[in-house]
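A.B. asks:
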Amino acid sequence: MRSKFDEQLNQLNNSLIEMCRIVKQAIADADKALMEQDVVLAQKIISSDDEIDNKEKEIESLCLKIILLQQPVAHDLRLVSTALKIITDLERIGDHATDISEITILLANKKYIKKLEHIPQMAAATMKMLTQSIDAFVKKDLELAKEVRAYDDVVDNLFETVKKDLIELIEENSNNGDQAIDLIMIAKYFERIGDHATNIAEWVEFSLTGIYKESKIM
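In this note's numbering, the protein residues as written are 119 to 336.
1. Return the chain-ordered list of same chain residues with a C-beta closer than 7 Å to the C-beta of I205, the five sequence neighbours on each side being excluded.
2. Scan the segment 228 to 269 and note each continuous alpha helix (DSSP H) run of 4 residues or more that stays entirely inside, going in chain order.
3. Short check: CB of R310 to CB of H236, under 8 Å?
4. Which residue from E332, S325, Y330 puts its Cα closest to that of L195?
5. Could you check which residue in F123, K162, T200 has the C-alpha nearest to that of I329?
6. Is the Cβ-Cβ distance between A263 and E332 less than 8 Å?
7. Assuming I304 contacts I218 under a Cβ cut-off of 8 Å, what Cβ separation, rounded to an integer in Å, is found between them?
8. What are the boundary residues of the alpha helix (DSSP H) that D217 is part of?
9. For the alpha helix (DSSP H) that contains E125, what are its first and last residues?
10. Return the CA-CA distance between A146 and E125, expressed in angstroms with no decimal places.
11. Would you kindly work out how many angstroms separate the C-alpha atoms of L284 and N291, rounded to a whole number?
12. Assuming N317 is part of the alpha helix (DSSP H), what are its boundary residues?
13. Could you pull the start and end residues of the alpha helix (DSSP H) that Q161 belongs to?
14. Can you name, in chain order, every residue of its own chain whose Cβ lies under 8 Å from the Cβ of T327, other than the five neighbours on each side?
15. Short of 6 Å in beta carbon distance, which residues of its chain neighbour I184, apart from the five on each side in sequence? Order them along the chain.
16. Roughly how many angstroms lie between the CA atoms of V157 and A226, to the nearest whole one?
17. Could you tell me the alpha carbon to alpha carbon distance between L159 and T216, rounded to whole angstroms?
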């Protein structure tokens, strides 16, 4: 019975790794489409959001199957419950990649009001956080989960830099307003992606300790 359960947990881990790969690619493509003003790639990201949604449903079904058939308790139940929380955050990250792509399409025929330096750094940072948060779950690595949470400050600081620079451009010339607001929104979406990666890391900590945001749950 335990061997069957371990087999299903391994399947769950592999499915989460695959969903993470798809979501991470969406982030990378959203960043590339923005930088290169590539409408075709942006539209591809929007169309591929269904793949992420379907992957979420597939993993959700597997989790419910494990709970119903294996009736896990204690640590094992926390692992499966955490997986259900993780896929929600992954799906929302995919939504933000779509949000970024939609704005990219709106800006495609306009010259950027400034060189986009910090937004690609935000994209890279969030991809790192996402990869490490899933690795922490699969490898049951508490310290790595804590590192992800701490690294969120990097993304937050980059967002504040982007916002400050763009607000200064609006103050210099009100004609910069519309595009500056669009770029701030893009940066905000990347900042939210970092928040979701942090959420995943917090749930990983819960799966290993039973503690979520300093509160004992189970």
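By construction, the Cβ of each residue, glycine as well, lies at the ideal position given by its N, Cα and C atoms.
C.D. replies: Once the coordinates are examined:
1. If we look at I205 and ignore the five residues flanking it on each side, its Cβ neighbours are M137, E174, I177, E178.
2. Runs of alpha helix (DSSP H) with 4 or more residues, each lying fully within the segment 228 to 269, are found at 236 to 257, listed in chain order.
3. Not a contact, by the Cβ cut-off of 8 Å.
4. Checking every option, the nearest Cα to that of L195 belongs to S325.
5. Considering only alpha carbons, the answer is T200.
6. E332 sits away from A263, with the two beta carbons spaced by 8 Å or more.
7. Yes, they are in contact, since the Cβ atoms of I304 and I218 sit about 5 Å apart, within 8 Å.
8. From DSSP, the alpha helix (DSSP H) with D217 extends over 192 to 225.
9. That run of the alpha helix (DSSP H) goes 120 to 154.
10. Approximately 32 Å between the Cα atoms of the pair.
11. If you draw a straight line from the Cα of L284 to the Cα of N291, it is about 11 Å long.
12. Its alpha helix (DSSP H) spans residues 295 to 327.
13. Segment 157 to 165, the alpha helix (DSSP H) holding Q161.
14. Excluding positions up to five away in sequence, the list reads L260.
15. Excluding residues within five positions, the ones whose Cβ falls inside 6 Å are Q126, V198.
16. Distance between the alpha carbons of V157 and A226 is about 7 Å.
17. Cα-Cα distance, rounded: 11 Å.
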